[in-house]
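What follows is one structure encoded as structure tokens, with my remarks underneath.
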DNA sequence: CGCTAATCATTAGTGCACTAACTATTTTGA
DNA sequence: TCAAAATAGTTAGTGCACTAATGATTAGCG
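Structure representation (structure tokens):
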């Protein structure tokens, strides 16, 4: 059984491996955790903050539109929007042209929250001790990873059909 | 402290900002999602896979030991271990020396699963189209980010500006 | 027109991750 | 020695993220 050249790296891969996906999930959780005290001041969770960023860019948007922008399922966004409505930041009403679609719209309160949020990015850069250049590098790496998973989905999913 | 030179970039930051934390969370979800079909063949979720990696490295471990290794709360690990026990991969019994502690131990089934898991790292590298060098670079970036959040927790919490 | 397809949003159900509160064991120190 | 503090693990409760199924509305086509 023991292949001198190959099996040695297989065992190491089960360690190295842990560093790849593991470091990524820990980094994600850690960064989101670092946002928490800052976003607590706004009364938002991190996913809710991302939705608000979406709406601050353009206000009447459908659920599908938001879920596409955030790369999440509509089923994930739905209850999240309900909480934002309860908090008074958005309204939810059926769209005029298409009664299937929902028009998610900022309230005055939701629009006003944007002013307080303008301080968040700078605060986070300071907290993490990063400059914009480092952030840009990390962003590039993440986008490459995301693109890699997309090609993985398309290419390796079902070659037999 | 509104700096006149900086105010122009504040609006842009609310877009750029989204690229930082947002790209990280999307990348994390995407990579975990890419693992799913591979880990489904082992009957493991991604967090369960990480626990098994832990135990394949050393078998009788306490809950606290595992939770430290994975940087998660014991309350997160606890129900996860219960499912792994139901699946027959581990046993849970009180430690001999300290009745408070739990000895989490691989079963024969759990140890055997390691053989099938040895193929996972190579499969994932191929699926993502990455080589070990790129993985190493990404890992370095993630570790720097994680370290940055740790210093953020320690340093920036108390001094009220 | 009327019937079927497709689309939009929601709900049900599973599993993760966290905080806070709780039980059960040590460990400690007056 | 024996009560208080510390430690180990679990449970309750909230929120996210996903898949699959449901209900409601619109679009397409014979």
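Chains as they are written, first to last, in the numbering used here: chain A, 1 to 161; chain B, 162 to 322. Backbone N, C-alpha and C fix where the C-beta goes; we use that ideal spot for every residue, glycine too. Computed from a predicted structure; not experimentally measured.
Min CB distance residue i to chain B below 8 Å
i: residue 60 of chain A; result: no
i: residue 13 of chain A; result: yes
i: residue 164 of chain A; result: Beyond the ends of chain A as shown, which are 1 and 161, falls residue 164 of chain A; an answer cannot be given.
i: residue 19 of chain A; result: yes
i: residue 2 of chain A; result: Because residue 2 of chain A carries a pLDDT of 45, less than 50, the predicted location of this residue cannot be relied on, and the following value inherits that uncertainty. Chain B, which has no Cβ nearer than 8 Å to the Cβ of residue 2 of chain A, makes this no.
i: residue 34 of chain A; result: yes
i: residue 129 of chain A; result: yes
i: residue 74 of chain A; result: no
i: residue 28 of chain A; result: yes
i: residue 91 of chain A; result: no
i: residue 156 of chain A; result: Residue confidence for residue 156 of chain A is low, a pLDDT of 41 falling below 50, so the modelled location carries little weight and cannot support an answer.
i: residue 42 of chain A; result: no
i: residue 141 of chain A; result: yes
i: residue 45 of chain A; result: no
i: residue 67 of chain A; result: no
Cutoff 8 Å: residue i Cβ touching any chain A Cβ
i: residue 249 of chain B; result: no
i: residue 273 of chain B; result: no
i: residue 306 of chain B; result: yes
i: residue 282 of chain B; result: yes
i: residue 166 of chain B; result: With a pLDDT of 45 at residue 166 of chain B, under the threshold of 50, the modelled position of that residue is not reliable, and no figure is offered here.
i: residue 185 of chain B; result: yes
i: residue 241 of chain B; result: no
i: residue 269 of chain B; result: no
i: residue 245 of chain B; result: no
i: residue 299 of chain B; result: yes
Proximal residues to residue i (C-beta, below 6 Å), its chain only, five neighbours per side dropped
i: residue 55 of chain A; result: 106
i: residue 110 of chain A; result: 89 and 90
i: residue 32 of chain A; result: 46
i: residue 202 of chain B; result: none
i: residue 60 of chain A; result: 103 and 105
i: residue 305 of chain B; result: none
i: residue 95 of chain A; result: 101 and 103
Identified DSSP bridge partners for residue i
i: residue 102 of chain A; result: A:94
C-beta contact flag for residue i and residue j at 8 Å
i: residue 135 of chain A; j: residue 38 of chain A; result: no
i: residue 23 of chain A; j: residue 303 of chain B; result: yes
i: residue 208 of chain B; j: residue 181 of chain B; result: no
i: residue 66 of chain A; j: residue 187 of chain B; result: no
i: residue 102 of chain A; j: residue 151 of chain A; result: no
i: residue 275 of chain B; j: residue 265 of chain B; result: no
i: residue 14 of chain A; j: residue 279 of chain B; result: yes
i: residue 269 of chain B; j: residue 204 of chain B; result: no
i: residue 289 of chain B; j: residue 149 of chain A; result: yes
i: residue 214 of chain B; j: residue 18 of chain A; result: yes
i: residue 189 of chain B; j: residue 30 of chain A; result: no
Residue span of the alpha helix (DSSP H) that contains residue i, given as start and end
i: residue 82 of chain A; result: 74-86
i: residue 112 of chain A; result: 108-117
i: residue 169 of chain A; result: It is not possible to answer for residue 169 of chain A, since the shown part of chain A is limited to 1 through 161.
i: residue 291 of chain B; result: Looking at the DSSP string, residue 291 of chain B is not in any alpha helix (DSSP H), and its letter there is neither H nor E.
i: residue 216 of chain B; result: 207-218
i: residue 231 of chain B; result: 224-231
Close Cβ partners of residue i (< 7 Å) along its chain, the five nearest in sequence each way excluded
i: residue 211 of chain B; result: 231
Own chain partners of residue i with C-beta closer than 8 Å, once the 5 adjacent residues on each side are dropped
i: residue 139 of chain A; result: none
i: residue 78 of chain A; result: 63
i: residue 292 of chain B; result: 286
Check: residue i C-beta below 7 Å from any heavy atom of the ligand GTP
i: residue 292 of chain B; result: Absent from the structure shown: the ligand GTP. Ligands present: none.
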